[in-house]
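Protein chains: 2
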Amino acid sequence: MANLSPGPLNLPPKRPDVRDALLQAASELIIERDTLEVALTDVAQRASVNSALIQYYFGNKDGFLLALLERDIGDAVRRMRILLASDGSALDKLTTHLSGLARAYHRVPYLNRLLRLISNAAEEEVFGELVRRLVDPMCSFYREVIAQGVAAGEFRQVDPVFLYFTVVGACDQLFSNRRLFNQLAAGGRTTDAALREFTDYLVKLVFDGIKMRA
Amino acid sequence: MANLSPGPLNLPPKRPDVRDALLQAASELIIERDTLEVALTDVAQRASVNSALIQYYFGNKDGFLLALLERDIGDAVRRMRILLASDGSALDKLTTHLSGLARAYHRVPYLNRLLRLISNAAEEEVFGELVRRLVDPMCSFYREVIAQGVAAGEFRQVDPVFLYFTVVGACDQLFSNRRLFNQLAAGGRTTDAALREFTDYLVKLVFDGIKMRA
């Protein structure tokens, strides 16, 4: 009889490609079905791996969702840090950031729903991790860019959190409801054209909205 | 033996108070639990009526959700029509509207999630009804107010649908994620104070953002 007594587990080493394949599969399924309600068994099947591996790689569903959000906006958050430290004016930084944000929502329209799902449902520890790793850096970006613009006499003082909510809300609203978007915003345009026009609109609205007047 | 042969149903006359009680119960449960995933049996139980009455009054779940949205924003849509026909300047109309919108989301934070749920999942007929009754009037409001402001030399031309997405997105973003709101936006303030400050911020951002410059 095989020895099934408890002892050190002899699991295979964790492989980054399996982890990535699971996250990619989840992302694709969420976009295709336009809902976050995707079964983990479907994710595993799409990635052609055993669904037990989700627990092995991510601990539980909270961990999996946080890893997906990290994958989807982690790069953007790192780019914001680099942008913040760069030489440009506050206006340049905000333009670069807003174009990137609109493109990110166009590519990954579920970003905000995922953020909301985790921050409403996650345990205290996961929520804290989410805020520390992904939300605080974004709010810091707004705070510091506004401070730079105010110091240079370019911007008036606005609440960085309110500004964050406005631009994220606008991008989310535009890209997360495909059926209404196609009906209202795309009109005769391609969605790419609508995206470009929306980005120009948002950048101009925000700039004119916070610009310091003589 | 009682006669159970098919024949005209002898149902009680529909009573508006039962209908209202069901909608009110759904609204309360959605806000309390901060999710749209509320079972219709829970709604019926809260309203102290038999859950079969939901089908009797609303046909099906789509019909019930559309009726809830109609109840929650129907009045606001009617007020927008009256406001549009009133004598004020475009600036006055937009101010009145934006304050009302922020208050509406503060009171009914699930508005946009409900709109999105219906417009993503509803059958073609219900979706068409939703757009005709609730979305088109809002977009018309933005279109006509912007046209009035442009004609008066007060506003520059902006896309009314983009503006609609921006303000609805900002309000939704601020009020629909309680945990993040409390962490980021409320800070030391009461939520009422945060609401007032947010309204002032949004009105000023939009006005400065679309105001015509010399």
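If you read the protein sequences in the order shown, they are chains A and B.
Here the first sequence stands for residues 0 to 213, where the numbers follow numbering that gives the first Met the number 0.
Here the second sequence stands for residues 0 to 213, where the numbers follow numbering that gives the first Met the number 0.
Positions of the beta carbon are idealized from the N, C-alpha and C atoms, including for glycine.
Query	Result
Local Cβ density within 10 Å of B/Asp86, reported as buried at 16 or more and exposed below that	exposed
Under 9 Å (Cβ pairs) to chain A, residues found in the segment 144 to 166 of chain B	Arg155, Val157, Asp158, Val160, Phe161, Leu162, Tyr163, Phe164, Thr165 and Val166
A/Val17 and A/Leu52 closer than 8 Å at C-beta	yes
Inside the segment 26 to 83 of chain B only - alpha helix (DSSP H) runs reaching at least 4 residues	39 to 45 and 51 to 57
Option in A/Ala146, A/Ala150, A/Ala169 and A/Gly152 with minimal Cα separation from A/Asp158	A/Ala146
Selection from A/Ser88, A/Ala20, A/Phe174 and A/Arg32 that minimises the alpha carbon distance to A/Ala66	A/Ala20
Residues of its chain near B/Pro15, where Cβ-Cβ distance is below 7 Å and the 5 sequence neighbours each way are ignored	none
Classification of A/Asp171 by the beta-carbon crowding that lies within 10 angstroms, buried from 16 upward	buried
Identified DSSP bridge partners for A/Phe154	A/Lys210
Integer Cβ distance of B/Val76 from B/Met137, believed to fall under 8 Å	7 Å
Selected residue, minimal CA-CA separation from A/Thr198, among A/Tyr163, A/Ile72, A/His105 and A/Arg32	A/His105
Under 8 Å from the C-beta of A/Ser118: neighbouring residues of chain B	Asn176, Arg178 and Leu179
Contact between the segment 115 to 124 of chain B and the segment 174 to 183 of chain A (3+ Cβ pairs under 8 Å)	yes
Continuous alpha helix (DSSP H) stretch holding B/Pro159: start and end	Pro159 to Phe174
Which listed residue (B/Ser98, B/Leu22, B/Arg45 and B/Tyr141) has its alpha carbon closest to that of B/Leu68	B/Leu22
Integer Cβ distance of B/Leu90 from B/Glu153, believed to fall under 8 Å	6 Å
Same chain, Cβ closer than 8 Å to B/Ala151, neighbours up to 5 away in sequence not counted	Ser88 and Ala89
Sub-8 Å separation of A/Ser50 and A/Thr34 beta-carbons	no
A/Arg14 in three-state terms, based on DSSP	coil
CB of B/Val205 within 8 Å of CB of B/Leu97, strictly	yes
Beta carbon of A/Ala169 nearer than 8 Å to that of B/Phe164	yes
Partner residues on chain A for B/Asp191, Cβ-Cβ distance less than 8 Å	The premise fails here: B/Asp191 is roughly 15 Å from chain A at the closest Cβ pair, so nothing lies under 8 Å.
Helix, strand or coil at A/Tyr109 according to DSSP, with G and I counted as helix	coil
Closest residue to B/Gln156 among A/Glu122, A/Phe57 and A/Lys203 (Cα-Cα distance)	A/Lys203
Coil, strand or helix - A/Ala189 by DSSP	The sequence given here places Thr at residue 189 of chain A; Ala does not occur at that position. The answer is coil: DSSP assigns A/Thr189 none of H, G, I, E or B.
Interface partners of B/Phe197 on chain A, CB under 9 Å	Asp158, Phe161 and Phe164
Separation of A/Gly127 from B/Gly99, as counted between CA atoms	33 Å
Residue-chain proximity (B/Gly62, chain A), Cβ-Cβ < 8 Å	no
Same chain only: Cβ atoms within 6 Å of A/Phe180, ignoring 5 sequence neighbours per side	none
Spatial neighbours of A/Met79 in its chain, beta-carbon cut-off 8 Å, leaving aside the 5 residues before and after	His96, Pro136, Met137 and Phe140
Contacts around B/Ala121, its chain only, beta-carbon distance under 6 Å, and the 5 residues preceding and following it disregarded	Asp61
Residue nearest to B/Gly186 in terms of C-alpha spacing, selected from A/Phe161, A/Glu31, A/Gly187 and A/Ile209	A/Phe161
The segment 75 to 106 of chain A: positions lying closer than 7 Å to chain B by Cβ	none
Close Cβ partners of B/Val166 (< 8 Å) along its chain, the five nearest in sequence each way excluded	Leu97, Leu100, Leu201 and Val205
Which listed residue (A/Asp207, A/Leu194, A/Asn59 and A/Leu183) has its alpha carbon closest to that of B/Arg142	A/Leu183
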